[in-house]
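Visitor: Residue numbers (my numbering), protein chains in the order written: chain A, 1 to 310; chain B, 1 to 310.
There are 2 protein chains.
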Amino acid sequence: MTKILKDEDLVGSHLMAAAIDALETAFRARAGKRLISPPRHHVSFPDLGDLVFTVGGSLGEKPLAGFRVYETFDGAEHSQIVAVWSADDARLKGIVLGACLGNLRTGAIGGLAIRHLSAPNARTIGILGSGAQARTQLAAAAAVRKLDRVRVYSRDAKNRAAFASEMQNALGLDIEPADSAREAVAEADIVISATTSQTPIIHARDLKPGVHINTVGPKTLQGYEIGLDIADAAAVLATDSPEQTRAYASPFFLAGSGNEDRMADLADIIVGKAAGRGSPGDTTLFCSVGLAGTEVVVASAILDRVGVSA
Amino acid sequence: MTKILKDEDLVGSHLMAAAIDALETAFRARAGKRLISPPRHHVSFPDLGDLVFTVGGSLGEKPLAGFRVYETFDGAEHSQIVAVWSADDARLKGIVLGACLGNLRTGAIGGLAIRHLSAPNARTIGILGSGAQARTQLAAAAAVRKLDRVRVYSRDAKNRAAFASEMQNALGLDIEPADSAREAVAEADIVISATTSQTPIIHARDLKPGVHINTVGPKTLQGYEIGLDIADAAAVLATDSPEQTRAYASPFFLAGSGNEDRMADLADIIVGKAAGRGSPGDTTLFCSVGLAGTEVVVASAILDRVGVSA
Chain A
1 MTKILKDEDL VGSHLMAAAI DALETAFRAR AGKRLISPPR HHVSFPDLGD
51 LVFTVGGSLG EKPLAGFRVY ETFDGAEHSQ IVAVWSADDA RLKGIVLGAC
101 LGNLRTGAIG GLAIRHLSAP NARTIGILGS GAQARTQLAA AAAVRKLDRV
151 RVYSRDAKNR AAFASEMQNA LGLDIEPADS AREAVAEADI VISATTSQTP
201 IIHARDLKPG VHINTVGPKT LQGYEIGLDI ADAAAVLATD SPEQTRAYAS
251 PFFLAGSGNE DRMADLADII VGKAAGRGSP GDTTLFCSVG LAGTEVVVAS
301 AILDRVGVSA
Chain B
1 MTKILKDEDL VGSHLMAAAI DALETAFRAR AGKRLISPPR HHVSFPDLGD
51 LVFTVGGSLG EKPLAGFRVY ETFDGAEHSQ IVAVWSADDA RLKGIVLGAC
101 LGNLRTGAIG GLAIRHLSAP NARTIGILGS GAQARTQLAA AAAVRKLDRV
151 RVYSRDAKNR AAFASEMQNA LGLDIEPADS AREAVAEADI VISATTSQTP
201 IIHARDLKPG VHINTVGPKT LQGYEIGLDI ADAAAVLATD SPEQTRAYAS
251 PFFLAGSGNE DRMADLADII VGKAAGRGSP GDTTLFCSVG LAGTEVVVAS
301 AILDRVGVSA
């Protein structure tokens, strides 16, 4: 019985907690070189677009294998497919269709970074952006920290109001729209930047000492959403995939800044192979790139928890 | 609405006819270089096995793109996935799970070869083998020729009796079990060899003039199911993929026989770029290798015809 899940099956905050825990295991496997994530595989269809595969899995006691595929064809409807096998018995565990899993995965990676890098007593969070990524990042933060104040800024006042009321309902947290990016982050212990901005909307001077920042939006030299001085100020710089930061078509935003060599692998911080937050005043910065192969791990955890059997 | 089909949805002889017609279009596209079938892509999971992807599609007015994936893990349950997009509007048409589609596809390729290579008035067929491939090859032959006599041989008398009674029910044809391979093929206008035999079970002397043969089973120098003298006797030698015959791990069974250079592409025969059957006494031989990418074309045709929407 192969389970098949669609976007409408992927609701409920217990799924975010499960995704973060599954990724915690996967990142520990990665630190031990037991997470498989080969380079993307593209197949081109002339004049139409590509099919792009990311294959991945984890070795160990209950090995997983699978892939995500998406296309770059021209059209309104885009459906990703993620498939997962339990590799020790060749059983196809299931298939997850749609766009939600990818967002949930990126959110959960952000949550894992917040769990391991932000101050344990962080309570206040500032969100920049009001799209799907901003929503899942906030849900992930709420799964790992006891938040009591959330502020959100995005350019369009309507969008930030909608975000505040929807996420307040979804998470049971008080959420205030802010009139500027600076206002949203001024008192924040955690900042999530999940915008599409190609120019920095916050700088080091806007932030409180001891803050942790997740940057989820643009971060190539061509365009980046947070000021380079935040990296200068950070005691810890981390990413989910140093190798992917080096593989961007346009160079990573920290290239040539003197900071790129300080970039640690979140997996190494989690297992204690690299240094994490040292003192309460440390600024920590996490650059989220979306480690390939993690969709499979998250899909597996979701398939274990959602009961729709087809 | 993405359709999801499983083995139990792929029943009914109308599907075989649809598959053959879809492949006819695809092979014509191939002759015009509008069928996409890049090399297989393997990803290895150490000590567990591989995921193997064949990507494919067709260009033209209603372009298709998709892939098949299977695994080589150790286990009892093996489920393939075939996914199809309409590439002009990025819509995921559907997903087909299980083992049936692959068999249907190989059967339909055999049917296409029989349509274009056997005598138009062929009525008598001899089947060697009684497995899944023997069944779908016979169903395909029945879809393209008006058969009135079917004989089947396989080593185990019980298997050939079961094949005869099941296929008689399925196709409404009289089917007789034969006591030997020679007896099964002696009067046949069409011979289908779909065995696992590594040594030839029929030779040129066993066959009637004017016969068409499909060899679906082993055909490498390491082992092959039909005598090399059948290739010597054949006026026409064809395959669905000359490039795949050259890519076998062990060389193709005709390597060094002097016949390998006479091998024509079935696609070229269909469009008249290569010579097909010339006279009623010609022996024709089709070597089925399973052209990569055709699963996507067949899956698309099946998805258009089976109404299960999920």
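Beta carbons are placed, not taken as given, at the ideal position from N, Cα and C, and that holds for glycine. All values derive from a computational prediction rather than experimental measurement.
Within 10 angstroms of the Cβ of Glu71 (chain A), are there 16 or more other Cβ atoms? Answer buried if so, exposed if not.
Guide: So Glu71 (chain A) ends up on the buried side.
Visitor: When you measure from the CB of Ala162 (chain A) to every non-hydrogen atom of the ligand FAD, does any distance come out below 6 angstroms?
Guide: This structure does not include the ligand FAD; it has no bound ligands of any sort.
Visitor: Starting from Lys93 (chain A), follow the beta strand (DSSP E) in both directions and report where the run begins and ends.
Guide: Note, Lys93 (chain A): beta strand (DSSP E), 91–97.
Visitor: With a cut-off of 7 angstroms, does the C-beta of Ser79 (chain A) fall near any C-beta of chain B?
Guide: Yes, contact with chain B.
Visitor: Suppose you measure from the CA of Asp21 (chain A) to the CA of Val11 (chain B); what does that come to, to the nearest Å?
Guide: Using only the alpha carbons, I get a separation of about 42 angstroms.
Visitor: Strictly under 7 angstroms for the Cβ-Cβ distance: is His41 (chain A) near chain B by that measure?
Guide: Chain B contact via Cβ: present.
Visitor: I'd like the ranges of any beta strand (DSSP E) spanning at least 3 consecutive residues and lying wholly in the region 78–140 of chain A.
Guide: With a minimum length of 3 residues, the continuous beta strand (DSSP E) runs that stay inside the region 78–140 of chain A are 81–86, 91–97, 124–128.
Visitor: Nearest-angstrom Cα distance between Ile201 (chain A) and Ser79 (chain B)?
Guide: If I take the Cα positions, the gap works out to 49 angstroms.
Visitor: Let me know the secondary structure DSSP gives Asp304 (chain B) once reduced to three states.
Guide: Here Asp304 (chain B) sits in helix by DSSP.
Visitor: For Leu51 (chain A), return the contacting residues in chain B, with the cut-off set at a CB-CB distance below 7 angstroms.
Guide: Chain B residues near Leu51 (chain A): Val55, Ala65, Phe67.
Visitor: Using a cut-off of 7 angstroms between C-beta atoms, extract the partners of Glu61 (chain B) located in chain A.
Guide: Neighbours of Glu61 (chain B) on chain A: none; closest Cβ ~12 angstroms, over 7 angstroms.
Visitor: Starting from the C-beta of Leu303 (chain A), find all residues in its chain whose C-beta is less than 8 angstroms away, skip the five residues before and the five after it, and write them out in chain order.
Guide: Excluding positions up to five away in sequence, the list reads Lys3, Leu5, Val84, Lys93, Gly94, Val96.
Visitor: When you compare the CB of Pro38 (chain B) with every CB in chain A, is at least one pair closer than 7 angstroms?
Guide: Yes - at least one Cβ of chain A is within 7 angstroms of the one on Pro38 (chain B).
Visitor: Use the C-beta contact count for His42 (chain A): other C-beta atoms within 10 angstroms, 16 or more gives buried, fewer gives exposed.
Guide: Per the 10 Å Cβ criterion, exposed.
Visitor: If you check the beta carbons only, do Asn159 (chain B) and Ser118 (chain B) fall under 7 angstroms apart?
Guide: Their beta carbons are not under 7 angstroms apart, which means Asn159 (chain B) does not touch Ser118 (chain B) by this criterion.
Visitor: Nearest CA to the CA of Gly110 (chain A): which residue from A:Ala99, A:Ala132, A:Ala90, A:Thr136?
Guide: The residue with the shortest Cα to Cα distance from Gly110 (chain A) is A:Thr136.
Visitor: When DSSP labels each residue in this structure, what does Leu15 (chain A) get in the three-state scheme?
Guide: In this structure, Leu15 (chain A) counts as helix in the three-state DSSP scheme.
Visitor: Tell me whether Ser180 (chain A) is buried or exposed, calling it buried when 16 or more other Cβ atoms sit within 10 Å of its Cβ.
Guide: By the 10 Å Cβ count, Ser180 (chain A) comes out exposed.
Visitor: With DSSP collapsed to three states, give me the class of Val297 (chain A).
Guide: In the structure shown, Val297 (chain A) sits in a helix (DSSP, three-state: H, G or I).
Visitor: In the DSSP assignment, what are the bridge partners of Gln239 (chain A)?
Guide: Looking at the sequence provided, one finds Thr at residue 239 (chain A) rather than Gln. Thr239 (chain A) pairs with A:Asp265, A:Cys287.
Visitor: Is there a Cβ of chain B sitting closer than 7 angstroms to that of Leu48 (chain A), yes or no?
Guide: So yes, Leu48 (chain A) belongs to the interface.
Visitor: Helix, strand or coil for Phe73 (chain B)? Go by DSSP, reduced to three states.
Guide: Coil, per DSSP.
Visitor: Counting only C-beta atoms, is Asp75 (chain B) closer than 7 angstroms to chain A at any point?
Guide: The displayed chain sequence assigns Gly, not Asp, to residue 75 (chain B). Chain A contact via Cβ: present.
Visitor: Do the region 281–301 of chain A and the region 264–278 of chain B meet, that is, are 3 or more Cβ pairs less than 8 angstroms apart?
Guide: Result no; under three Cβ-Cβ pairs closer than 8 angstroms.
Visitor: Which bits of chain A does Ala90 (chain B) rub up against, with CB to CB less than 8 angstroms?
Guide: Simply Gly49, Glu71, Phe73, Asp74, Gly75, Ala76, Glu77, His78.
Visitor: Return the chain-ordered list of same chain residues with a C-beta closer than 7 angstroms to the C-beta of Val152 (chain B), the five sequence neighbours on each side being excluded.
Guide: Closer than 7 angstroms at Cβ, skipping near neighbours: Ile127, Ser130, Arg160, Phe163, Ala164, Ile175, Pro177, Ala178, Ala184.
Visitor: Going by beta-carbon coordinates alone, are Thr239 (chain A) and Val298 (chain A) separated by less than 7 angstroms?
Guide: For Thr239 (chain A) and Val298 (chain A), no; Cβs fall outside 7 angstroms.
Visitor: Closer than 7 angstroms by C-beta to Pro103 (chain A): which residues in its own chain qualify, once you throw out the five before and the five after it? Chain order, please.
Guide: The sequence shown places Asn at residue 103 (chain A), rather than the Pro named in the question. Here the set comprises Ala132, Gln133, Thr136.
Visitor: At a Cβ threshold of 7 angstroms, is Thr294 (chain A) touching chain B?
Guide: Not an interface residue.
Visitor: Along the chain, where does the beta strand (DSSP E) containing Asp206 (chain B) start, and where does it finish?
Guide: Run containing Asp206 (chain B): none; DSSP gives neither H nor E here.
Visitor: Shortest alpha-carbon distance to Leu51 (chain A) belongs to which of B:Val216, B:Thr215, B:Asp261, B:Ala87?
Guide: Selected option, being the one with the closest Cα: B:Ala87.
Visitor: Where does Ile378 (chain A) sit, in a helix, a strand or coil, going by DSSP?
Guide: Nothing can be reported for residue 378 (chain A), as the shown portion of chain A is limited to 1 through 310.
Visitor: If the cut is a Cβ gap below 7 angstroms, which residues of chain B does Leu97 (chain A) touch?
Guide: Going along chain B in sequence order, the residues near Leu97 (chain A) (Cβ under 7 angstroms) are Thr2.
Visitor: Taking 7 angstroms as the CB-CB limit, is Ala87 (chain B) close to chain A?
Guide: It does; some Cβ of chain A falls within 7 angstroms.
Visitor: Considering only residues of the same chain and omitting the five flanking positions on each side of Leu291 (chain A), which have a CB-CB separation below 6 angstroms?
Guide: Asp240, Ser241, listed in sequence order.
Visitor: Hey, Val296 (chain B) and Gly66 (chain B) are a contact pair by Cβ (cut 8 angstroms); roughly how many whole angstroms apart?
Guide: Between Gly66 (chain B) and Val296 (chain B) the Cβ distance is about 4 angstroms, and since that is below 8 angstroms, they are a contact.
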